[in-house]
Structures are given as structure tokens and as C-alpha cells.
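Structure record follows, encoded as C-alpha cells.
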Amino acid sequence: MKAVKKCSYILFLAVGLLLALFLGFRWLDRSREFSSLLPFSLQEVTACYATLECFYPDDPAQEKSLHTQLTQTQTQDLLERLSQSTYRREGSASGLSTETNSLIRIYLHTSGSSHSELMLNGELLLVNPLTYRGDSVTYRPEGDSLAQYQALSAFLQSCMK
7 MKAVKKCSYI
17 LFLAVGLLLA
27 LFLGFRWLDR
37 SREFSSLLPF
47 SLQEVTACYA
57 TLECFYPDDP
67 AQEKSLHTQL
77 TQTQTQDLLE
87 RLSQSTYRRE
97 GSASGLSTET
107 NSLIRIYLHT
117 SGSSHSELML
127 NGELLLVNPL
137 TYRGDSVTYR
147 PEGDSLAQYQ
157 ALSAFLQSCM
167 K
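See below:
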């Protein structure tokens, strides 16, 4: 009788552990709104700097980097554009591939001197919390990520004129 109870208990624990692992994975793999990716709320953003970096592996002399500080209106427009998509977690990372020949870096600042860096390469979005403890995390936009990237790139280029 004790052996049957012990086996039942072990089986119950194994099923519970498998269920917890499954639910944990589903929780990590859920779609997320852009606002939930940042360590602060979008309303706290007071300043935004953007950099558009272009890489040419065949001709490094053509490489360029354009920088700008966005106005409050441009910042809100940029945040709205980023909020149009939902994102799925890809994992931790220390950087992004530049095989797409360009990279967008966005630095968001709050009045409380907190800031965060976003990097986009056309396929992935990397969120680097900078002033917060934690790893950089990459996310994949759902839908046509390349079209979103091209629209953001065109928007930032128009802001830099």
C-alpha cells in the first residue's frame, strides 16, 4: 500500500512539474505590447535620441552614422509607431547582427535620469535597460518586421533633415 502511494505521489509531482514547465514556457512566449518591454512607462519618456548607422562591408568608406535628438512630438510619434506591433521574446543577447547593412539605435530618457537603449536591425528589437539591472533581451515583432523597420528608418531620416 505504501509503495502504491509513493508511486502515485511521484507521478503526481512529475505531472505537476511538467505542467509548470509548460505554463512557464507559454508565459515567456506570449505576445507583448511595446510598453511592457521597457523598464519604465512610455509616459515617463522626456527625451529621445536616435542614431541611424549604415554599414557597407564591401566599402567601409561609405559607412555613416546619423544622429538626432527628437522633439517631444517626434518622440511620441516614434513611440506610437513602435507600439503598433506586438513582440515575442527571442532571448537574452548582447547585440544584434548588422547583416542588414543598417542599424537603428534609440535612446529613451526619463526625467528621473533613467534611460534605456533600443536597437533594431530589421528582424529583431533589442531592449537594453542600461540603468536597470538585468540582461538585454531581444524580441521579434509580429507581422512584417522588415516593413516596420523600413517605416521607422524613413521616419527617422525625415526627422534628421
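Its first residue numbered 7, the sequence shown is counted upward by one per residue in the numbering used here. Beta carbons are placed, not taken as given, at the ideal position from N, Cα and C, and that holds for glycine.
Legend entry - Local Cβ density within 10 Å of residue 21, reported as buried at 16 or more and exposed below that: Residue 21 should be labelled exposed.
Inset, instruction - Keeping to the same chain, check which residues put their C-beta closer than 6 Å to that of residue 162; ignore five residues upstream and five downstream. - result: Here the set comprises 56 and 58.
Legend entry - Cβ-Cβ distance between residue 117 and residue 135 below 8 Å: No; because the gap between Cβ atoms is not below 8 Å, this pair is not in contact.
Inset, instruction - Name the residue from 47, 83, 165 and 131 whose alpha carbon lies nearest to the alpha carbon of residue 94. - result: Answer by Cα proximity: 131.
Inset, instruction - Going by CA-CA distance only, name the one from 61, 74, 157 and 149 that's closest to residue 112. - result: Considering only 61, 74, 157 and 149, the residue with the shortest C-alpha distance to residue 112 is 74.
Inset, instruction - Write down the C-beta distance between residue 147 and residue 156 rounded to the nearest angstrom, noting that I regard them as a contact closer than 8 Å. - result: The Cβ separation is near 12 Å, so there is no contact.
Legend entry - Segments of 3+ residues assigned as beta strand (DSSP E) that fall wholly inside the segment 56–132: Fully enclosed beta strand (DSSP E) runs of 3 or longer: 70–76, 92–98, 108–116 and 121–126.
Inset, instruction - Could you tell me whether the Cβ atoms of residue 46 and residue 120 are closer together than 8 Å? - result: A contact, by the Cβ cut-off of 8 Å.
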